[in-house]
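Data block below; observations after.
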Amino acid sequence: MSSAAAVAAEKLGKRVALPERTLTLLDDVSFTVAAGEAVAIVGASGSGKSTLLGLLAGLDSPSEGRVVLDGTALDTLDEDGRARLRGARVGFVFQSFQLLPMLTARENVMLPLELAGARDAAPRAEAILSRVGLGERLGHYPRQLSGGEQQRVAIARAFVVQPAILFADEPTGNLDAQTGGAVADLLFALNAERGTTLVLVTHDDKLAQRCHRVLRLAGGRLQAGGSGGLTW
Amino acid sequence: MRLIRLAWRMARRELGAGEVRVLLAALALAVAAVATVGSASERAQAALVREANRLIGGDAAVRADAPLPVAFAQRAKALGLAHASTTSFRSMLRNGTNMRLVEVRALERGYPLRGAYELEPGHAVVDPAAGPAPGSIWLTRNAAAAAGAAVGGDVALGRSTFRVAAIVAKEPDAGFDLMELAPHVLIGLPDLAATGLMQPGARATFRIAVAGDADAVATFARDAKAQLGRGQRLESAAEARPEIRNALARAERFFGLAALISVVLGAIAVALAARRHALRHLDACALMRCVGATQGTITRLYVFELAIVGVLGTIAGLAIAAVLSFALGWWLAGALGVALPAPGFAPAWQGAVVALAVLAGFAAPPVLALRRVSPLRVLRRDVAGPRAGAIATLLLALAAVAGLLLWRAGDATLATIVLVGLVASAAVLAVLGALLVRVASALRPYLRGAARHGLASLARRRATTLVQLVALGLGLSIVLLLSLVRSDLERWRDELPVDAPNRFLINAQSDQIPALTESLRAAGVAEPMLVPMVRARLTAVNGTAVAAKQRDEDERAQRLAEREFNLTWRAQPGPDDTIAAGTFWTGDVPADAAQLSVERRFAETLGWKLGDEIAFDIAGSAFRARVTSLRDVKWESFRPNFFVYASPGALDGYATTWITAFHLPPGREDGMNAIVARFPNLTIVDVGAILDQVRRTGEQVGLAVRFVFGFTLAAGLLVLLAAIGATRDERLHEVAVMRVLGARARQVAAAQWSEFALLGALTALVAAIASEILAAQFAQRVLQIEPSAHWGPAFAGAALGALAIAVTGALATRGVLRTSPATTLRAIAG
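Protein chains in written order, with our numbering: chain A, 254 to 485; chain B, 268 to 1097.
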């Protein structure tokens, strides 16, 4: 395991007990992502992409194996410890944006800073919203924004805490091709600007190819050469 | 601080567009209900008591057998109370050669302080409120008839001559002891000395009545009680007439129940709204967990939000209560015909405590469970939300309700009945709900179309179906309970028939019975029933002389023990008697083993028990008998009823007089005058005033009850809306999907109708049975009236409730049929 690895998955497995049998969602998945690297995880629906992302981000616990995030093994932390680690080091962008409907664009971006107790939440949120081109829409509620604008707010919210690692789950999945392209541009530009490690889950090959490396999942296992990865 | 700001921001935004509004409304309603009902019942009771206080001519009075020390009047004055004294005694009223024994009442100017004397038309009084002017006298009808006097004539009392200025039609302060009564005549107190009738040692009753601010009256009563000397006692209206006391006690208990029910209804609505609030916040919590919020942060955030909602809800509820109290004061004052005392501050803090308890017991569990939301929900929406620990939630809610019940009911029996009833009903509803879900699943394959969809919905939303069923069932049960109890109360009020006896005739001699019966018939009295009466003085209980035994007991027992008893004999219990303990005699009872049947509360006051041997002195000879049964007596029937019955034959040979009560139709007073003229020893007492008072109190209670019931209905409606709201989001989503798949509006509506109709029918069935059982318990144990079966009204009410559930449910989702499915789906997702 390289000491520079931002994310390391070691023999990850996830099984769910059903009444008749045990369902294997992920099986023996190991790989590392170096700091500053952008890695795409691709695969068909049901291949285990979202399960893997949930485990990597510490949103769920593996049945076996472990995840090391930014030098910290997640299995040594309790639920609150993992939440604190996410708050300090991790950013998220989701397919369904996940903005809180009762908060404005600015307040949505302020949210992770406020939860962490930051004093300068408002100016930082405003600065990054300007950076993503929404400086004029600070006081708008999610329902007053288009899908592309909502995703830009979500990207601003992900980057405002200056995360070491960014997890993105189908970030353009809910957008049309043109808007999706613009949002992807923004995501990669910010990622490059800030040297963030990016783990991107998608089934869009074009988007995957913009990453340094692609991991392909099928039936819960990494495809041949998976742990070494195919490098572009 | 930052979290409080965030919580405030969330709460504020959701108030504008979110289910927090429902939570707030439910809370505000619970607070408003408690504060309004509390304030209304407090004020209505105070008004009713004040109204009833007319019977003693003031809010409180001190009575004594010797002139009262001036200290009582000074104390009243110092407390800012109005006060007026009276002196009553018996004397002979002379009209020429005609002499009659009368009860003279000498009134200080201003008496009575509550109520007024009603004078017959044609009087010669300038200012009736000031009382008899110097040198003038007012006669009651009986006195005027007995003495043959009329307005303008002169009559004499002692050394003075008075001009008859008025005939009194109605006396406000008719709270007298029937047996000590001679017809009344009224003079001014300043004229008393000149009559020369009040020599030292003369037998007379001296009273001072006070009236004014309720707190000051209470202080006066407390101080006076502490200072009472020998032969002095404190009077209040409740004590003056048992039938009024009963009416007030029942009203008080009903209000207690109504207040409780509004709290429970409010709590149910709050629980439903909080549950929905929590469900709608699952995603937000998952996201916050995802971006770093710890469980503690989530807990604090939502506690702050609940606290904000709690404060706003309390303020809104109190504002509503203030407006309603104002309107109520205005309305009740008109309806009751009495001024209402100003509302106090107590209901306000009671409302706030209720808000706190309801939030802690009902809203907190689902909201606090939010901290356990899995952050994975941000990736997979199908991850189940956390469940509040069922047992802990239940215990918390139970503790909150039990606490509120005990506190607000002020009566452990009442609180227990309601609590046990609610828990049992909830359990039955939950079991039935689980059965329904099973049956619905099993029946699905055999049904088609709308019914199938309806059943499918009930079965699929298992948890929500249960919650809805229990909430709606409880809501409907308690609304029905209150309406049944209300009808019991009104039935009780109606038990006092329009032809209830309004005249008592006393002092008839045994040899006058045949002639008197005939005269009464001639005067229009249908079936005169004359009852024998023997006056006796209590001497010993179980061989212990009473004077020694009772000395340390309470003053009422002392008074009762010192008083003369009126005994009668009966072969069977009377129509107003219910045997509460022991056995009533049957057949012949040997004269040397005489038995007594005693009114239960009277026996309790005197400390008599079954088997006790009671000794009386009757005109110098000793009479002993054993208590073999205790009876409850319906005093409000206004028939002659007795505290003590003796077995037949036991009182043979003792001096007996006869008594009867009958209804004299208005305008037949001349017949009575003829009877009095023919049998000069008789006294006929007009109890019409008391009867009117009892009837009025009953009507006033009825009005107040109707108002309070209206409030409970509103609270029930809110439960209905909250329960329907509980499944609204899921339902909208389903309807939208069905529409996308090509379902026609009619099909969707039919599915909704069938689901709600089934829910309504099941709810109504349980509610009808539960409320009927609870109402019977309540009538028997709390109101102490005979429970009556009212299955008809119970099921009719339940059917109405079921219809309301079906209609509201179907209406709540009707809007979605007019909107495009895409709009609905987007709105739900957003």
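Glycine included, every Cβ here is placed at the ideal spot set by N, Cα and C.
Spanning the alpha carbons of I434(B) and P388(B) requires a straight line of approximately 8 Å. The alpha carbon of A291(A) has as its nearest neighbour, out of L419(A), L439(A), P424(A) and R474(A), the alpha carbon of L419(A). By the Cβ neighbour-count rule, T450(A) is buried, with 16 or more other Cβ atoms within 10 Å of its own. In this model, A693(B) and L1041(B) are separated by some 13 Å (Cα to Cα). Taking 9 Å as the upper bound on Cβ-Cβ separation, chain B lies near residues E367, L368, A369, G370, A371, R372, A374, Y394, P395 and R396 of the region 367-399 of chain A. DSSP, reduced to helix, strand and coil, places Y384(B) outside both helices and strands of the structure shown, so it counts as coil. A distance below 8 Å separates the beta carbons of A293(A) and T455(A). Taking a cut-off of 8 Å for Cβ pairs, the region 376-385 of chain A and the region 311-327 of chain A do not touch, as fewer than three such pairs fall below it. With a 10 Å radius around the Cβ and a threshold of 16 neighbouring Cβ atoms, D458(B) comes out buried. Shown here, F612(B) sits in coil according to DSSP, grouped into three states, outside any helix or strand.
If you draw a straight line from the Cα of T806(B) to the Cα of F883(B), it comes to about 5 Å. Here Q351(A) is buried, its C-beta having at least 16 other C-beta atoms within 10 Å. Under the Cβ criterion of 8 Å, D422(A) is counted among the residues facing chain B. Residue A790(B) holds the alpha-carbon nearest to the alpha-carbon of G938(B) among A790(B), L270(B), A666(B) and A1037(B). In this structure the region 768-775 of chain B does not touch the region 1067-1085 of chain B; the number of beta carbon pairs closer than 8 Å is below three. The beta carbons of L532(B) and G742(B) sit closer together than 8 Å.
For L787(B) and S306(B), the gap between their C-alpha atoms comes out near 49 Å. Taking the C-beta atoms as reference points, P334(B) is found no nearer than 8 Å to F487(B). Between the C-alpha atoms of G740(B) and E281(B) there is a straight-line separation of about 29 Å. For P365(A), the C-beta contacts it makes with chain B under 7 Å involve V558 and G559, in order along the chain. Note that the C-beta distance between G324(B) and Y378(B) is below 8 Å. Counting the other Cβ atoms within 10 Å of the Cβ of S1087(B) gives fewer than 16, which makes it exposed. Residue state for A300(B) is assigned as helix, using DSSP reduced to three classes. For H451(B), the pairing in a beta bridge is given by DSSP as E370(B).
The Cβ atoms of L460(A) and A437(A) lie closer than 8 Å to each other. Looking at the DSSP output, I434(B) shares a beta bridge with L406(B).
Burial state of Y384(B) is buried, judged by a 10 Å Cβ sphere holding 16 or more other Cβ atoms. DSSP, read as helix, strand or coil, puts R410(A) in helix. In the DSSP assignment, I294(A) falls within the unbroken beta strand (DSSP E) covering A291 to V295.
The DSSP-derived three-state label of M800(B) is strand. With a cutoff of 8 Å on beta-carbon distance, L873(B) and V894(B) are scored as not near each other. Listed as beta-bridge partners of Y912(B) by DSSP are T835(B) and S864(B). At a cut-off of 8 Å between beta carbons, Q562(B) contacts chain A. Per the C-alpha coordinates, the member of P1054(B), T994(B) and N362(B) positioned closest to E1022(B) is T994(B). For D323(A), the nearest beta carbon of chain B is not closer than 8 Å to its own beta carbon.
Annotation: the continuous beta strand (DSSP E) that includes V900(B) extends over S888 to V900.
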